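The next block holds one structure in the form of structure tokens; read it before the comments.
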Amino acid sequence: MIKGIGIDITELSRIQAILERQPRFAERILTEREAKIYTGLKGPRKAEFLAGRFAAKEAFSKAFGTGIGESISFLDIEITTDQNGKPFIQKPFSEGVHLSITHSREYAVAQVVIEEA
């Protein structure tokens, strides 16, 4: 049974503008493991990666039913990839969580479905 569904769309230009004003913005969004991947990226790929993770974490928090705030923060949610490059939620829990992230030149979109255990 489905417990929650969340979706988020993020403009890459918005993330790029925030990064120009607040260079440490990524530290508020990415876990240590995610930040290691992020720092190895170049040029526009950095904003694309960050926008995708931002959208995925927002989508997860919506599916979870709380949104980002007091109950759950961006740093409480960690996204990794499997051996095929497919992203998945590693924490706060991974069982029963389905994630899809897609990018275009202008947007990153993520959808999360959480199943009841």
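Just so you know, we're using our numbering here: the sequence shown kicks off at 1236 and counts up by one.
From the three backbone atoms N, C-alpha and C, an ideal C-beta is built for every residue, glycine too.
Predicted model, so just to flag it, every value in this text is computed and none were measured.
Annotation: the stretch 1249-1320 contains the following complete segments of the beta strand (DSSP E) (minimum length 3 residues), in chain order: 1313-1316. In this model, Phe-1289 and Glu-1341 are separated by some 14 Å (Cα to Cα). The straight-line gap separating the alpha-carbon atoms of Ala-1286 and Arg-1280 is approximately 10 Å. Straight through space, the alpha carbons of Gly-1278 and Ala-1352 are spaced by roughly 41 Å.
Between Phe-1323 and Ile-1336, the gap from beta carbon to beta carbon reaches 8 Å or more. Shortest Cα-Cα distance from Leu-1247 to any of Ala-1282, Asp-1317, Lys-1292 involves Ala-1282.
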